[in-house]
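K.L.:
Chains as they are written, first to last, in my numbering: chain A, 52 to 536; chain G, 421 to 1144.
All C-beta atoms, glycine included, are put in the ideal place defined by N, C-alpha and C.
Below is one structure. I have some questions about it.
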Amino acid sequence: MMEKEILEHGLNFNRRRFLSTMSLGLGSVALGSLMIPGLLNGGDRDDAGFTPGIPHFAPKAKRVIYLFQNGAPSQLETFDYKPKLCEMYGLDLPPSVRGEQRLTGMTANQASFPLAASFTDFKQYGKSGTWISDIMPYTSKIVDDICVIRSMYTEAINHDPALTFLQTGSQQGNRPSMGSWLSYGLGNENKNLPDFTVLLSRGIGNGQGVYSKLWSNGFLDSIHQGVQFSKGEDPVLYINDPAGMARNERREMLDQLAQLNQMSYEEFGDPEITAKVKQYEMAYRMQTAVPEVMDLSKESDDIVKLYGPDCLVPGTFAANCLLARKLSENGVRFVQLYHQGWDQHGNLPFEIKSQAKDVDQASAALVTDLKQRGLLDETLVIWGGEFGRTSYSQGKLTPENYGRDHHPRCFSIWMAGGGIKPGMVYGETDELGYNIIKNPVHVHDFQATVLHTLGLNHEKLIFKHLGRRYRLTDISGKVVRDILS
Amino acid sequence: MNKNWRGVFEQIVFTLAVFLVFLLAFEDQLVVPVWLQSVGRLHPLVLHFPIVLLALLLIFEFFRFSQPTSDARVIIEKWVTDLWIFGAVLTGLTTIFGLLLSKESGYTGDTLFWHKWSAVSLFILFSLIYWLRFRSYYQKLSSRLLIGLVSILLMFTGHYGASLTHGEGYLLAPLNQNKQIYLEDALVFDHMVKPILEKKCISCHNPDKKKGELDMSDIKNLVKGGKNGPLFKIGKPELSLLLERIHLPLSDEKHMPESGQPQLTDEEKQILSLWIKGSASFTKKVSELVPSDSLRMIASKIFVSVNNQDVAYDFSEADSKIINQLANEYRTITPIAKNSPALRVNIFNKSDFNSKKLEELLAIKEQIVFLSVAKLPVQDADLAIISQFENLERLDLNFTNVSAKGLFVLKTLDRLKSISLSGTQVKFQDLQVALMGLKKLQAVYLWDTPLAEDELKRITTKFASIQVNAGFKDDGKSPLKLNPPELKNTSTIFETDAPLTLFHTIKGVQIRYTMDGTEPDSLKSAIFDGKVRVSADTRIRARAFKAGWIGSDEAVFEYYKCAIKPDSVTVVLPLNRVHLANGPKSFFDRNLGTFNANSPAWANFWTGVRNNDMELNLDFKTPKTISVVSLRVMEELATGIFPPQSIEIWGKLNSNGKFKRIQILKIPVPKEMKFHELYAIDVKFKPTNFKELKIIAKPLEKIPQWHGAKDKRALLLVDEIFLN
């Protein structure tokens, strides 16, 4: 069976070689390529305009830290102040506002859609006068450093597709995650750490799953895959030498293995083989680099007070924020955090307060900490979930308790740092917080903007796979220039 | 060409001329049928032939009277004459095609007018010359006059035609390109509003051509308005004539710009509207608007900020061979962008670093614009090397060993914009001197340095053009609450005794605890010293304290003694579908569960029953003496998780005997809603020697009346069983 594949590979290899040599030969005939550009490229070099590892233009941000609030935090209790909901408390959402919006199975059969005002108050903060809810006291102190986008919208109404859409540009998965695209597009800054790392934490609120497909490299080389750092003594699984193996023995073993791999690469030409060799080498170097990064014991008292006492408790969001700073500072391109527990279908006031308490101080601290090290200018920090929540209550609405269902038509996120205008609010929703009335930002627009701050043109960051060119933004997406600094 | 053919062509020219005159005369009534529209659209293709042919013929004709040789004369007489009539046919056809094309919507205005009539004149005159060419009065002078006239007509026609296709000013646009205007200098009227008026309005509303008695080319007349009065009401775009006209439907006669003329884009409409809505000022700068102003947001799309323009570097690219030699896993060197000569350099790894790592970079000293050596043992002496990186813009020296004195040498870096000195030992006096040397500096980062608050303030005021970032320093005014202490043990279940292993992640925290069930406080309770061992069921209550912090909430840890373990456990009646835990092994695996048991992900350690009793058989190879059986249960009344209504203990005293009931414990049903709780229920009896032991725990059959789920069966959850 294997023989057939080897034969096929040989044929492919020769055809490709033939085409590309031919194209090189003819390519020197400038006239030909002038007349029909692309004709002579052998069809296999559509990404010719792009050199992996080097941005298209000078970037503002060099790295990203994405504080993903998994489960979809309610925008109405955090960043999108809707006093009109107090006035219309308990009244039904007018059908004209709802329009054709499909509902989830959880509220589709609800007899009424009573509008629910936020249980918590909002106040204006900073020079920008941004409205922030009282459950985010620390975030309210950094409003002049962040740009709040209140007009994000998505296409999915359930967690997994929405999350996958935000992270990979497709609801179905199997595509590279944003971090993998950046790893592919920008290469690594520190060759001793992975380009793309993932940190998980969980609050007490209703949780939703986070699966490793979210940090998958999809069809890109597996070197671009996200590496999950877990809490505990072995943050990266299986990188330590087994008992009884000295470091020099490991080195020798790797060298021998590399020779074998080189031989098989020469025979089969599978790029996955070189990717594998690179991974072994990086794992070897990570053996010394990772413990140094993960060591929180040398952080000063001020840092502990800045991030909050939880920041030394492994596995908390605060600890992950602190780690994110350390990883980013050490040149990791993309640090992806997920904090679970934001899915408040019921019991919202209690749960969301606790969720906010988990993340508020540390998120703000991360921005402050990057800023005081002069790193905020070159690091893009993103905070937000996968969609928004309905302005009407799911289940019974009482003064003390209510819930909110999934809502794709609008949600709020914030971005700070590299290339983003600080102290700004972008976009607007209607008085009932249901539809966007100004400056809508689609998920693909958001992705295009993120890539832009990193010096990548989202229309040129492409990879050809199975005969089709793929982009993070698929076939759409517009850079939101209004929020660029 | 023989005479007959020439006659045919002459007829054609004549017919074309007549047809053209006819078309022109009835131009207003002309409706072009669809199939003819395509013919009209051939105009842009066909027009190139007469242009070239005519130009060629005119050159020949120019030399006709100064070329005495007979050969040339023959060529001119014969060939030129033939081609001339042919050129006339082409010109006629092109003109007619053009006329048809002009009937499609979108072509009106002055340019078309001039294009049309110069083309018609060109055709007529050129054809006329054909018949005049051999008259006696057609001599050198008159010929050249006519040729000159035709040439001028040809150029005019071509130029106007090009203007129609490409837009006015297309030809000279590259020469007229204005110098770049930066966001900081842009004026709302001059650079945002006026260009729109110039592009879309002024061609009809200028001093020469005041349609509607309106001249929009200068401010005075713009304010005055036209025959229908002023164009705008300040602050009220919805009442302004200008915007009314723009927003009328395209079919409306009063819609502006006239249909066929280039229309305003949405953004242009928005700019005009916002300008009027603001103050319709003629002098306001974009930078005077607040950043959230919509007009400013549009402006920031149109204009580039001074700070934001892509800097074009004037130095040359470094040799890629040298870059590849210098780059390694601890020293990354990357171009800042594709095709940019500028390089970013990051150096990592403390143990690997020495001055040589910097010295080697001198090979690319011109190209380095960014250098990070943060957290490396960089000394003052190394700064002398860095000072040779002449184009350096950003330097990250965070947590290095440099002093402010060492920074003096950096004054040669006249492009340095940002320097990070957080975590260094810079001193106030020296830093002042150092900063004075850095003329182009825009930002300095001084967090975690020995600088006192007033010193930082003085630097901030003294160097107004530099953004000084001092970062976060706790002022002690808003202390935080500590998190509760934690326990190191993997399990709190023990056979004989176990150490108490409280700990806290924050250094210098004092842990106080109690073992008697009383509340721990910061004064009287025992301070944890790590030497205590627990040898009986104990509830530990502990809190953490530290100066400058608020004492933590209480942490509660339960230690359970389980002296005896059965050799096998059998689950006789089935467990609840989602609360299978690890089956029979769950009861003695020393893993305690926590709350949130309804979520499958959390339910790992909880076994549960609802619709039948929990019946377990414990088997001992050699009989064991037991006097207490304890079941650890969860009570979470709100979600319907209740303690059992009774627990029965049965025993087989030897392998052949029958089960005999040893004890039954009835558990009182909770009388009101309570917060959730985890605890062990002890069933005590006189010491008995068991070969086999059966536990029957009955879940509550009817949830009491005060509960929302009254009369339903309750869930019983057990995570561990202790035998003593």
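#1: Is it the case that the segment 345-364 of chain A contacts the segment 296-315 of chain A, given that we only count it when at least three CB pairs across the two stretches are under 8 Å?
#2: Would a check of beta-carbon distances place F446 (chain G) closer than 9 Å to chain A?
#3: How would you write the range of the beta strand (DSSP E) that D1196 (chain G) sits in, first residue to last?
#4: Strictly below 7 Å CB to CB, what residues from chain G border I274 (chain A)?
#5: Is there a Cβ of chain A sitting closer than 9 Å to that of A1129 (chain G), yes or no?
#6: Starting from W1026 (chain G) and walking both ways along the beta strand (DSSP E), at which residues does that stretch end?
#7: Can you give the Cα-Cα distance for R555 (chain G) and S562 (chain G), rounded to whole angstroms?
#8: Go ahead and pull the three-state DSSP assignment for V344 (chain A).
#9: Under 8 Å: do the segment 145-161 of chain A and the segment 384-395 of chain A share three or more Cβ pairs, one atom per stretch?
#10: Tell me, to the nearest whole angstrom, how far the beta carbon of I684 (chain G) is from that of I616 (chain G); I am working on the premise that it is less than 8 Å.
#11: Spatial neighbours of D1131 (chain G) within its chain, please: CB distance less than 7 Å, with the 5 preceding and 5 following residues excluded, ordered by chain position.
#12: DSSP three-state label for V922 (chain G), please.
#13: Taking DSSP as the reference, what is the three-state secondary structure of C372 (chain A)?
#14: Note down, in chain order, all residues in the segment 910-933 of chain G with a beta-carbon under 7 Å from any beta-carbon belonging to chain A.
#15: Can you tell me which residues form a DSSP beta bridge with H1127 (chain G)?
#16: For S701 (chain G), return the contacting residues in chain A, with the cut-off set at a CB-CB distance below 8 Å.
#17: Between the segment 185-200 of chain A and the segment 441-456 of chain A, do three or more beta carbon pairs fall short of 8 Å?
#18: At 3 residues or longer, what runs of the beta strand (DSSP E) sit wholly inside the segment 360-417 of chain A?
#19: In the DSSP output, which residue or residues are listed as bridge partners for P755 (chain G)?
#20: Who are K515 (chain A)'s beta bridge partners in DSSP?
#21: When the cut-off is 9 Å and only beta carbons count, does M575 (chain G) lie next to chain A?
#22: Straight-line CA distance for P755 (chain G) to F497 (chain A)?
#23: State buried or exposed for D131 (chain A), treating a residue as buried only when at least 16 other CB atoms are found within 10 Å of its CB.
#24: State yes or no: is the beta carbon of E240 (chain A) nearer than 9 Å to at least one beta carbon in chain G?
#25: Pick out the complete beta strand (DSSP E) segments inside the segment 865-906 of chain G, 3 residues or longer, and give them in chain order.
#26: If I'm right that S179 (chain A) touches V418 (chain A) with Cβ under 8 Å, what's the distance once you round it to whole angstroms?
#27: With distance defined between alpha-carbon atoms, name the residue in A:Y176, A:L347, A:N398 nearest to L374 (chain A).
#28: Name the two residues that bound the continuous beta strand (DSSP E) containing R932 (chain G).
#29: Using a Cβ-Cβ cut-off of 6 Å (strictly less than) and excluding sequence neighbours within five positions of V765 (chain G), which residues of its own chain qualify?
#30: Closest to K951 (chain G) by C-alpha separation, out of G:A918, G:L663, G:G578, G:F735, would be which residue?
#31: Which residues in chain G sit within 7 Å of R336 (chain A), going by Cβ to Cβ distance?
#32: Measure the Cβ-Cβ separation of S955 (chain G) and K927 (chain G) and say whether it is below 9 Å.
#33: Say whether chain A places a C-beta atom closer than 9 Å to the C-beta of S1050 (chain G).
#34: Less than 6 Å between C-beta atoms, sequence neighbours within five positions excluded: which residues of the same chain meet that for T880 (chain G)?
#35: Specify, as a first and last residue, the run of the alpha helix (DSSP H) that D502 (chain G) falls within.
#36: With a threshold of 9 Å between beta carbons, is Y865 (chain G) in contact with chain A?
P.N.:
By the coordinates alone:
#1: no
#2: For this step, residue 446 (chain G) is matched to residue 26 along the second sequence. Not an interface residue.
#3: Since the first residue shown for chain G is 421 and the last is 1144, residue 1196 (chain G) is missing from the structure and cannot be characterised.
#4: Position 223 of the first sequence, counted from the start, is the residue given in the question as residue 274 (chain A). Those do not exist, as I274 (chain A) stays about 14 Å from chain G at its closest Cβ, beyond 7 Å.
#5: Indexing the second sequence from 1 puts residue 1129 (chain G) at position 709. Interface annotation, A1129 (chain G): not in contact with chain A, CB-CB separation never under 9 Å.
#6: Looking up residue 1026 (chain G) in the second sequence gives position 606. Careful: W1026 (chain G) lies outside any beta strand (DSSP E) and carries neither H nor E.
#7: Translated into positions along the second sequence, residue 555 (chain G) becomes position 135. Translated into positions along the second sequence, residue 562 (chain G) becomes position 142. Roughly 11 Å separates the two Cα atoms.
#8: Mapped onto the first sequence, residue 344 (chain A) falls at position 293. Looking at V344 (chain A) - three-state DSSP - the assignment turns out to be helix.
#9: no
#10: As a working mapping, residue 684 (chain G) is identified with position 264 in the second sequence. As a working mapping, residue 616 (chain G) is identified with position 196 in the second sequence. The residue you asked about is not Ile; residue 684 (chain G) is Leu in the sequence shown. Going by Cβ atoms, the distance from L684 (chain G) to I616 (chain G) rounds to 7 Å, so yes, they are a contact pair.
#11: Here residue 1131 (chain G) is taken as the residue at index 711 of the second sequence, counted from 1. Excluding positions up to five away in sequence, the list reads K1122, I1123.
#12: For the purposes of this step, residue 922 (chain G) is identified with residue 502 of the second sequence, where counting begins at 1. Here residue 922 (chain G) is Leu; the residue named in the question, Val, does not match the sequence. It is a strand residue.
#13: Taking the first sequence and counting its residues from 1, the one referred to as residue 372 (chain A) is at position 321. Assigned with DSSP and collapsed to three states, C372 (chain A) falls in helix.
#14: Contacts with chain A (Cβ-Cβ distance below 7 Å) from the segment 910-933 of chain G involve T925, I926, listed in chain order.
#15: Residue mapping note: residue 1127 (chain G) aligns to position 707 of the second sequence, counting from 1. The partner list for H1127 (chain G) (beta bridge, DSSP) is empty, contrary to what the question assumes.
#16: As a first step, residue 701 (chain G) must be located in the second sequence, where it is residue number 281. None at all; the shortest Cβ gap to chain A is about 23 Å.
#17: no
#18: 385-391
#19: Start at 1 with the first residue of the second sequence, and residue 755 (chain G) comes out as number 335. P755 (chain G) is bridged by DSSP to G:L763.
#20: Numbered from its first residue, the first sequence carries residue 515 (chain A) at position 464. According to DSSP, which records beta bridges pairwise, K515 (chain A) is partnered with A:R520.
#21: Counted from its first residue, the second sequence places residue 575 (chain G) at position 155. No, its Cβ sits nowhere closer than 9 Å to a Cβ of chain A.
#22: Counting from 1 along the second sequence, the entry for residue 755 (chain G) is found at position 335. Counting from 1 along the first sequence, the entry for residue 497 (chain A) is found at position 446. Distance between the alpha carbons of P755 (chain G) and F497 (chain A) is about 26 Å.
#23: Translated into the one-based positions of the first sequence, residue 131 (chain A) becomes position 80. That one is buried.
#24: Mapped onto the first sequence, residue 240 (chain A) falls at position 189. Closer than 9 Å to some Cβ of chain G, the Cβ of E240 (chain A) qualifies, so yes.
#25: The qualifying runs are 887-889.
#26: Taking the first sequence and counting its residues from 1, the one referred to as residue 179 (chain A) is at position 128. Taking the first sequence and counting its residues from 1, the one referred to as residue 418 (chain A) is at position 367. With a Cβ gap of about 14 Å, S179 (chain A) and V418 (chain A) do not count as contacting.
#27: Position 323 of the first sequence holds residue 374 (chain A). For L374 (chain A), the nearest C-alpha among the options comes from A:L347.
#28: Within the second sequence, numbered from 1, the residue matching residue 932 (chain G) stands at position 512. Residues 930-934.
#29: As a working note, residue 765 (chain G) is residue 345 in the second sequence. Only I753, I788, L791 meet the Cβ criterion.
#30: In the second sequence, residue 951 (chain G) corresponds to position 531, counting from 1. Cα-wise, what sits closest to K951 (chain G) is G:A918.
#31: Here residue 336 (chain A) refers to the residue found at position 285 of the first sequence. Chain G residues near R336 (chain A): E749.
#32: Translated into positions along the second sequence, residue 955 (chain G) becomes position 535. Translated into positions along the second sequence, residue 927 (chain G) becomes position 507. Going by C-beta atoms, S955 (chain G) is not nearer than 9 Å to K927 (chain G).
#33: Indexing the second sequence from 1 puts residue 1050 (chain G) at position 630. So, not an interface residue.
#34: Taking the second sequence and counting its residues from 1, the one referred to as residue 880 (chain G) is at position 460. Hits under 6 Å: V888.
#35: For the purposes of this step, residue 502 (chain G) is identified with residue 82 of the second sequence, where counting begins at 1. First-last of the alpha helix (DSSP H) with D502 (chain G): 501-522.
#36: As a working mapping, residue 865 (chain G) is identified with position 445 in the second sequence. Answer yes: the Cβ-Cβ gap between Y865 (chain G) and chain A drops below 9 Å somewhere.
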